[in-house]
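Protein chains in written order, with my numbering: chain A, 4 to 184; chain B, -12 to 296.
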Amino acid sequence: MAFKEKTTIMDRGAIQRALTRIAHEIVERSGGAENLALVGIRSRGVHLASRLARKIGEIEGITPPLGALDITFYRDDIGTRPQPKASVTEITFDVTGKDIILVDDVLYTGRSVRAAMDAIFDLGRPTTIQLAVMIDRGHRELPVRADFVGKNIPTSQREEVRVNLEEEDGIDAVILGEEVT
Amino acid sequence: MQLKSKDLLGIRELDGEEIELILDTAESFREISTRAVKKVPTLRGRTIVSLFLEPSTRTRVSFELAGKRLSADVVNISARASAVAKGECLKDTAKTIEAMNADLVVMRHSAAGAPHFLAKLIECGVINAGDGAHEHPTQALLDLFTIKERLGKIEGLQVVVIGDIAHSRVARSNILALTKLGARVTVVGPPTLIPMGIGEMGCEVSYDLDTVLGQADVVYALRIQLERQTETLFPSLREYAALFGLNEERAGRLKKNALIMHPGPMNRGIEITAEVADLPQSVVTDQVANGVAVRMAILYLLIGGGEGA
């Protein structure tokens, strides 16, 4: 299987502007940043969460705590395919009583978000959890929706959306492509 | 990347990549044991049978906690409280366990090769939790994890293993695992406790602890198996302690960052003095804590996956 690029949907500028807008929306809807905490889903959600935290810090003067969540052990497809490589969950603050913003790169079936919420509840009882994603590509299989979206992209299920980020891929770009065999 | 076999029978059967995979995966599991709710749903609905036909506390408890923290159901069978005590042979015990649809059997046995025998008889995976004087792979893996955690690497390290090499499955598994990842191992002990041909496993042999102590990055004291003292393999425990025991004077001659390890249970005052066991360089309790994480990783890698790609 190889990834065949079709188009670039967002470039560096577009990603930055989307993050700036989402940061403002989060602060507006939460009425400040005092009780916020950002939790990124590994791996690219963590980089997005870290950028959002920085932007919220610039806007409000308070940088919310940042956590990284690995959802491998909460996946619903464990036992149906070979194990994915696990990484480490690093959430050093107490999630109980916090308004958590869960951050991921692409919202697709909603299964990662379900797993992430289970993982968070094992760590404590947050007051609220909201979801911020860079791309919502549709095709939900669970009753999950995003509260903050960078861009909605209608896709077919054969297609694939890749969010490339400088921290991990050396470049900021959202690319629509297809798996070809 | 996955483990190639359904079983973990020994370090000999693993390659360097698989060992690294287990150590990396264990890293992910360590955090879970520090939470208030020490449980993830990963192995929900899986059944693990722990079949310990030889006494053990820490390994059995460690496996049981590892399984329970992954939400698997863990059933313990011990020799005295089972049909084994009524004379059931291993083959029938195995078939019985299999008929109850276990997903994995963790086995300790006094006979070398017993887990290998079991693995051939049953479909489900088998983990060797110690077989005779042969191997104890999970102990070696948790030792490697502890060394890597403290010293940052395995490759190029000089490890000195002290004591009863002849009767030690811990020593064998550790020699294999350490050399597979590029460490150099020297075994030290009285000649009666160093088996002929051990050098073929890729380690150096010495009979004088004091000459090899200074180069060591890790000193690993093995337990003197007091129950074997009837065989008079050395003149007295006192003499052993004087020649091969880790005391404060010897600890003082170690490299500054050198680690002191012991697989437990310790005979304080024989292979290691109470003072040395409690030094900051002694990582004996880290070994126990890491044991749970490493065993969680092994359980996950063996039964956490499924067919297909």
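Even for Gly, the Cβ is constructed at its ideal location relative to N, Cα and C. If you're wondering where the values come from, they're calculated on a predicted model, not measured in any experiment.
Give a yes or no on whether 8 angstroms exceeds the smallest Cβ distance from residue i to chain A.
i, result
"B:Q(-11)", "yes"
"B:R45", "no"
"B:S15", "yes"
"B:T12", "yes"
"B:T125", "no"
"B:G22", "Strictly speaking, residue 22 of chain B in this sequence is Arg, with Gly absent from that position. Interface residue, yes."
"B:E18", "yes"
"B:P42", "no"
"B:P28", "yes"
By the three-class DSSP mapping on this structure, what secondary structure does residue i have?
i, result
"A:L39", "strand"
"B:F231", "helix"
"B:I64", "strand"
"B:F16", "helix"
"A:D107", "strand"
"B:V281", "helix"
"A:E144", "coil"
"B:Y207", "strand"
"B:K167", "helix"
"A:D121", "helix"
"B:R95", "strand"
"A:K3", "No information on residue 3 of chain A is available, as it lies outside the stretch 4 to 184 that chain A covers here."
"A:E170", "helix"
"B:I109", "coil"
"A:K154", "strand"
"B:S49", "helix"
"B:T219", "coil"
"B:S155", "coil"
"B:M248", "strand"
Taking buried to mean at least 16 other C-beta atoms within 10 Å of its own C-beta, is residue i buried or exposed?
i, result
"B:E51", "buried"
"B:R282", "buried"
"B:S223", "exposed"
"B:G295", "Summary for B:G295: the model assigns pLDDT 43, below 50, so the residue's position carries little reliability; its value from the coordinates is reported in the next sentence. It is exposed - the Cβ of B:G295 has fewer than 16 other Cβ atoms within 10 Å."
"B:V279", "buried"
"B:Q274", "buried"
"B:C190", "buried"
"B:M(-12)", "exposed"
"B:C76", "exposed"
"A:F6", "exposed"
"B:S49", "buried"
"B:A164", "buried"
"A:N155", "exposed"
"B:A127", "buried"
So that I know if they touch, is there some Cβ in chain B lying closer than 8 angstroms to that of residue i?
i, result
"A:S115", "no"
"A:L145", "no"
"A:V91", "yes"
"A:L126", "yes"
"A:A5", "no"
"A:P85", "yes"
"A:I132", "no"
Tell me which residues share the same chain as residue i and place their Cβ nearer than 8 angstroms to its Cβ, disregarding the 5 neighbours each side in the sequence.
i, result
"A:F96", "A40, P68, G70"
"B:P177", "Y194, L220, F221, Y227, L230, F231"
"B:E142", "L168, G169, A170"
Closer than 7 angstroms by C-beta to residue i: which residues in its own chain qualify, once you throw out the five before and the five after it? Chain order, please.
i, result
"B:T12", "A284, Y287, L288"
"B:V61", "I35, S37, E51, G54, K55"
"B:S(-8)", "E0"
"B:L129", "Q274, N277, G278, V281"
Might you give, ordered along the chain, the residues of its own chain that have their beta carbon closer than 6 angstroms to the beta carbon of residue i, omitting 5 neighbours on each side?
i, result
"B:E262", "E235"
"A:A135", "I25, I104, V106, F151"
"A:T92", "L72, D73"
Along the stretch 157 to 170 of chain A, where does the CB come closer than 8 angstroms to a CB of chain B? Name the residues.
none
Contact set between the stretch 158 to 184 of chain B and chain A, restricted to residues whose Cβ is under 7 angstroms from the partner:
none
Residues of the stretch 52 to 82 of chain A whose Cβ lies closer than 9 angstroms to any Cβ of chain B, in chain order:
D73, T75, F76, Y77, R78, D80, I81, G82
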